[in-house]
Amino acid sequence: MNEVLVKCEKLDHFGRGLSHVLGKIIFVPNLLPNEEALVKIVLNKKKYMVGEIIKLVKISDDRIRPKCSYESCGCALKSLNYSKTLEFKKNKVTEILKRYGNLENVVKEIIPSDNIYGYRNKITLKIKGGKIGYFKNGINELIEINRCEIASEKSNEIIRVLKRCDLSKVREVIIKDFGEVMVIIKGDMDINALKPLVTSIYMNGKLVCGNENIIVELGDFKFYVSKDSFFQVNTKVALKLYNRVLKYLDNSGGKSILDLYSGTGTISLFLSKYFKEVTAIEINEEAVKCAFLNKELNNISNVRFICGDVSKEIHNLKADNIVVDPPRSGLSIDGINDILKINPERLVYVSCDPMTLARDLKKLEENYEVKEVTLFDMFPWTYHVESVCLLIRKKDNKKE
Ligand SMILES: C[S@@+](CC[C@H](N)C(=O)[O-])C[C@H]1O[C@@H](n2cnc3c(N)ncnc32)[C@H](O)[C@@H]1O
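Going by our numbering, the final residue of the sequence shown carries number 400, and the count climbs one at a time with no gaps.
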């Protein structure tokens, strides 16, 4: 039997409808809680199945008509009313922190995105056989697209131009739109049609048109964005998030801060206005070069950037407070031990993966109290969410 009738019980952590049928769990993308559907089984494993909706039999009041009709793109929640997507993300992080971190009642609120469409400042387009699209959930099957609703209008204009070009020798195109626009091409193509739309173009790692870096304005600051360095994908939400980091650090003046996994130095430079000295560690050389340029661009003198691996560079450093913003993999055991040795009064943990956050908080809780977590909807319609967590050193663990 490869067609079944299912009733969705809830969404799993990846935003797929979860049901039980034929004695197994079945995950159905795009099926919402309480909906019923006739489903085709597309994967049948020992313990679970994956299905595709053939026909919706009962439709949820929370279902909306999505702005795009591409199946299996990254927007797993695009058929759900926006306020319900926020509820889903808050419940998901609350559940993960409880189950894997033994933490209850710490998630206070979720801050929505001002723009729920057109919010992404960076998109990565895959090209196969001259066609443009996204790869279906990590496999190399291309979903061809004409536009992407979460990308900026300028990015969509570039997609339209690209579609008229010969892309037979191109594998990937990255578009970074911060007002100034950078296009990064893997492969070969004629770039003349793109030139009027962009500030800079890279082809196979080489700058072939315009400026080496582009500039983004964020609050009172300006930052360079380079070809390879990380920048938060939703600029407006990033600013709100940095303000929350500042609030959690409870600026009482005269304190030293350590910013670990600092990227192009955005958090460091943002904090430099309010703290005596900031030391930042980042492994990506290009990001650190950008960070130095950013320091100059903003006329800041009290920030020190160190290029290297946090686990190697952190030894012998001291700080009153620490901010960490690691990649999805979270902190290493050594990294946590080093932070515990430095014993900062406050620790602010910015995380894009609640699973690794929960794991790390469980270890940090030996010496720290997890005060609260604020969520930021950096990635509307996807199942992803950014967390900012405040930890305060326990009283019996005071510095001598
Ligand atoms: C989530 S980003 C944070 C960037 C920055 N805080 C921001 O808001 O733009 C994580 C950064 O950690 C850096 N990174 C990854 N592993 C590292 C390591 N072992 N040591 C230092 N930096 C690392 C990456 O290059 C990336 O820039």
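No residue lacks a Cβ here, since even glycine has one placed at the ideal position from N, Cα and C.
- Judged by beta-carbon spacing, I214 lies within the 7 Å limit of T199, meaning their Cβ atoms are closer than that value.
- DSSP places E153 in the uninterrupted alpha helix (DSSP H) bounded by E153 to K163.
- It is roughly 7 Å from the alpha-carbon of S226 to the alpha-carbon of E212.
- Counting C-beta pairs closer than 8 Å gives fewer than three between the region 371-382 and the region 317-331, which falls short of the contact rule.
- Taking a 10 Å sphere around the C-beta of R346, we find 16 or more other C-beta atoms and assign the residue as buried.
- Distance from the CA of S268 to the CA of F231, rounded to the nearest whole angstrom, comes to 13 Å.
- Between the alpha carbons of K362 and I339 lies a gap of roughly 14 Å.
- Counted as a single uninterrupted DSSP element, the beta strand (DSSP E) harbouring A280 occupies residues E277 to E282.
- Contact between the region 290-301 and the region 239-251 is absent, with fewer than three C-beta pairs closer than 8 Å.
- In this structure, D177 lies away from N234, with their beta-carbon atoms at least 7 Å apart.
- By the Cβ criterion, the region 100-114 is in contact with the region 374-394, since at least three pairs of Cβ atoms, one from each stretch, lie closer than 8 Å.
- The way I'd put it, the region 350-367 doesn't touch the region 188-205; fewer than three beta-carbon pairs between them come closer than 8 Å.
- About 6 Å separates the CB atoms of V385 and V93; that is less than 8 Å, so the two are in contact.
- Collapsing the DSSP output to three states places G187 in a strand.
- A heavy atom of ligand 1 is found nearer than 6 Å to the CB of V310.
- Between S256 and K276, the gap from beta carbon to beta carbon is short of 7 Å.
- With a contact defined as Cβ atoms closer than 8 Å, Y383 and H13 qualify at about 7 Å.
- Collapsing the DSSP output to three states places Y261 in coil.
- Beta-bridge analysis with DSSP links K222 to E217.
- Here the distance from the Cβ of D320 to the nearest heavy atom of ligand 1 is not below 6 Å.
- With 16 or more other Cβ atoms from the protein chains shown falling within 10 Å of its own Cβ, S113 counts as buried.
- A direct Cα-Cα distance of roughly 31 Å separates T124 from K45.
- Placement of the Cβ of Y261 at a distance of less than 6 Å from at least one heavy atom of ligand 1 is found.
- At least 7 Å separates the beta-carbon of F305 from that of A319.
- When Cβ pairs closer than 8 Å are counted between the two stretches, the region 45-54 is seen to touch the region 8-25, the count reaching three or more.
- In terms of Cα proximity to N140, the closest of Y119, E172, P29 and R147 is E172.
- Rounded to the nearest whole angstrom, the CA to CA distance from S168 to I150 is 26 Å.
- Secondary structure at V181: strand, using DSSP grouped into helix, strand and coil.
- In the structure shown, the three-state DSSP call for I54 is strand.
- Three or more pairs of CB atoms, one per stretch, sit closer than 8 Å, so the region 55-73 contacts the region 141-148.
- Our two residues, P33 and G335, have alpha carbons roughly 40 Å apart in a direct line.
- Rounded to the nearest angstrom, the gap between the Cα atoms of L97 and L364 is 13 Å.
- Of the residues assessed, L86 falls on the buried side of the cut-off, its CB having 16 or more other CB atoms within 10 angstroms.
- A distance below 7 Å separates the beta carbons of I281 and E313.
- Straight through space, the alpha carbons of D360 and D396 are spaced by roughly 21 Å.
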